[in-house]
Amino acid sequence: MAILYALVARGSVVLAEFTAASTNASAIARQILEKTSGDNDINVSYSQDRYIFHVKRTDGLTVLCMADESAGRRIPFAFLEDMHQRFVRTYGGAVLSALPYGMNDEFSRVLSQQMEYYLNDPNADRINRLKGEMSQVRNVMIENIDKVLERGDRLELLVDKTANMQGNTFRFRKQARRFKNTVWWRNVRLTYAFRTLTLLCVFTCLALSMEGCAHNNPPNCCLYRDCVCLQGAHVTILCLKRGQQFKIRTRSAA
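Under mature numbering (1 follows the signal peptide of the UniProt record, and there is no 0), the letters of the sequence shown match residues -16 to -1, 1 to 238, in that order.
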C-alpha cells in the first residue's frame, strides 16, 4: 500500500515533487491540477487503473499524491495533511511568489522521507487512525476518470432495484392484511353458524319434549311450572314434588 508519487503546487505551478516509481504520474498529476483549478478548498480522489490520485487543496496550496488502491484513503490523506503543514511551516508567505520548482531541491527530500515513513513505520498507521475523524477525509469524493457515466448508470440501477423492493414489500404487507381480514371474517361466520346450529338443536329438543308431553297429556301441552297441559278452556297443571308421585290439578283458564 505504497505512496508512489507526491507534489506540492500553487494553482498549476508545481513547487516540489518526488516520484518513487517510473510512471506517467507526473503527466496525470498536471492534468488533475488543471481540472481542479480554483480557489475553493477540496478533498477529492481520482482513480486511474489500479492507482488512486488523492488531492487536497487548502488556502490555494495543493498537495497531491498517487498511491495503490490497497492504501485506502485514510493513510494518503493523512500524508497530504502532514505535507501541507510542513510546507506552510517551512516556507510561509514565500509560497505566494515562488517560481516553479522553487522549493524542489529541499522539499523533495521531505516528500521522499515521509513517503517511506508512511509505508514502513507502524506508528504512522496509529497516527492515521487518530486522524481518521478529520473533516477533510469525511468529505472525500471519489470520482473515476474513465467510468463516471458507467458508475452513474449503476447508481440508477441500484435506485430502481431499491424502489422495486419497496414496492414488493408494500404489496406483501397489503396481501398479508387482506389474508388476516379474510381469516377473521371466516372465524366470525363459523362462530355464528355454530351458535345458530346450537340454538336449532335446543329448539328441536324442546319441540320433541313438548310433543311427548302432548301425547301423554292430551290434547296439547306447554310448560307451566314443571309441566302445563292445555285442554279446552281449562288448564291442567302437573306438579312434581320430590319423593312423591305426580298430582294433577285443574284450573279454569283466564
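Backbone N, C-alpha and C fix where the C-beta goes; we use that ideal spot for every residue, glycine too.
CB contact flag (residue i, residue j, <7 Å)
i	j	result
S92	F2	yes
L59	R41	Rather than Leu, the amino acid found at residue 59 in this sequence is Ile. Result no, Cβ atoms of I59 and R41 do not sit closer than 7 Å.
D30	M50	Note on residue identity: the sequence assigns Tyr, not Asp, to residue 30. Not closer than 7 Å, so no.
L17	G86	no
V72	R(-7)	no
A9	Y(-12)	yes
P84	V(-4)	yes
Inter-residue Cα distance where the pair is residue i and residue j
i	j	result
L95	I(-14)	10 Å
A102	D52	Sequence inspection shows Tyr at residue 102; the Ala mentioned does not correspond to that position. The straight-line gap from Cα to Cα measures roughly 13 Å.
D105	H38	21 Å
A5	N88	17 Å
W169	A177	12 Å
F61	R161	53 Å
M67	D33	25 Å
S21	D43	12 Å
T7	Q69	27 Å
L190	R179	17 Å
R157	L192	52 Å
N171	V186	23 Å
F154	L181	41 Å
N165	T188	34 Å
N24	Q97	29 Å
Cross-strand partners of residue i (DSSP beta bridge)
i	result
T3	Y(-12)
V167	V167 is not bridged to any residue.
V172	According to DSSP, which records beta bridges pairwise, V172 is partnered with nothing at all.
H68	H68 pairs with nothing; no bridge assigned.
V39	V28 and L48
Backbone secondary structure at residue i - three-state DSSP
i	result
M50	strand
T20	coil
L190	helix
L45	strand
residue 241	Nothing can be reported for residue 241, as the shown portion of the chain is limited to -16 through 238.
Q229	Caution applies to Q229, whose pLDDT of 44 falls short of 50 and renders its modelled position unreliable; the value that the coordinates give is listed next. Three-state DSSP puts Q229 in coil, outside helix and strand.
M99	helix
R161	helix
Y85	coil
G77	helix
N8	coil
R57	coil
R34	coil
D210	With a pLDDT of 43 at D210, under the threshold of 50, the predicted position of this residue should be treated as unreliable, though the coordinate-derived value follows. D210: coil per DSSP, three-state reduction.
Residue i classed as buried or exposed, judged by whether at least 16 other C-beta atoms fall within 10 angstroms
i	result
Y75	buried
V(-9)	buried
E90	exposed
R48	Reading off the sequence, residue 48 comes out as Leu, not Arg. Answer is buried; the Cβ neighbour count reaches 16.
L64	buried
M99	buried
residue 242	Past the edges of the chain, shown from -16 to 238, lies residue 242, and the structure says nothing about it.
A13	buried
A55	buried
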